[in-house]
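Quick notes on the structure that follows.
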Amino acid sequence: MLSQPLAAGLQGRQTERDNRSLSTAISACGNTKRWTAALNLLRGTWQQRLQVGTILYNVTISACGKSRQWRHALWLLSSMMVLILEPDTISYTAGVSACERGGQWERSLSLLREFRGARLEANRISYNAGISSCEKGGQWRHALSLLYELSRDWLEPDSATAPGSARARKARSGSRPCLC
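The sequence shown runs 1 to 180 under UniProt numbering.
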């Protein structure tokens with residue numbers, strides 16, 4: 001008979017393996033735009049009373065976002081707090097990206113503000129999604145403001161940042177009369 005500490009350790013490893021496999025399956029659902037299947041996999045963990053962590057939620061939020069299901073993504077993000085799971089930078093970034101794909105620039109900005117309220121730091125991916133969201137929504141001032149915040153936070157713009165910020169700068173310069 002296995003001792004209790006050894007049995008608990010083995011059970012913990014099994015849970016870790018199960019979560020890794022489940023995370024991979026949910027990610028595959030997201031990559032193929034099968035967001036309902038991703039949600040059903042996560043729902044199955046609740047029904048089986050499995051230990052669900054932040055990573056599984058992050059992957060499911062991302063899967064919803066890839067299918068432009070921003071409402072479901074935001075619902076998952078808010079439900080994490082109810083379940084006493086701490087959303088992390090990846091959680092919020094997946095939410096910002098879901099809003100960007102769903103054409104919800106206002107919500108993207110709101111989530112970026114929540115980063116600070118949660119005492120988390122937005123990363124380059126977060127800012128890029130926010131800039132892209134604002135650019136797609138024709139909100140060039142907000143896009144430029146995010147570009148400023150990106151550089152203020154000592155993050156270097158990258159190839160994903162450049163197109164949105166360049167269009168925002170062009171829109172800005174085209175909308176003001178020349179003061180030559």
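From the three backbone atoms N, C-alpha and C, an ideal C-beta is built for every residue, glycine too.
For the UniProt repeat "PPR" (123-157), list the alpha helix (DSSP H) runs that are entirely contained and at least 4 residues long, ordered along the chain. Counting whole runs of 4 or more residues, the UniProt repeat "PPR" (123-157) contains the alpha helix (DSSP H) stretches 124-136 and 140-152.
On the criterion of 16 or more Cβ atoms from any shown chain inside 10 Å, does L39 qualify as buried, or is it exposed? Counting the other Cβ atoms within 10 Å of the Cβ of L39 gives 16 or more, which makes it buried.
Buried or exposed for Q104, going by 16 or more other Cβ atoms inside 10 Å? buried
Between Q69 and the rest of its own chain, which residues show a CB-CB distance below 6 Å, the 5 nearest in sequence each way excluded? W35
How many angstroms separate the CA atom of N58 from the CA atom of T24? Going by the C-alpha atoms only, they are around 12 Å apart.
Within the continuous alpha helix (DSSP H) that includes Q47, where are the two ends? First-last of the alpha helix (DSSP H) with Q47: W35 to Q47.
Thinking C-beta only, is E121 closer than 8 Å to T89? yes
For the ligand ADP, any of its heavy atoms closer than 7 Å to the Cβ of Q48? The ligand ADP is not part of this structure, which contains no ligands at all.
Return the residue from the list L22, L150, R49 and P87 that minimises the CA-CA distance to G117. P87
According to DSSP, is D88 helix, strand or coil? coil
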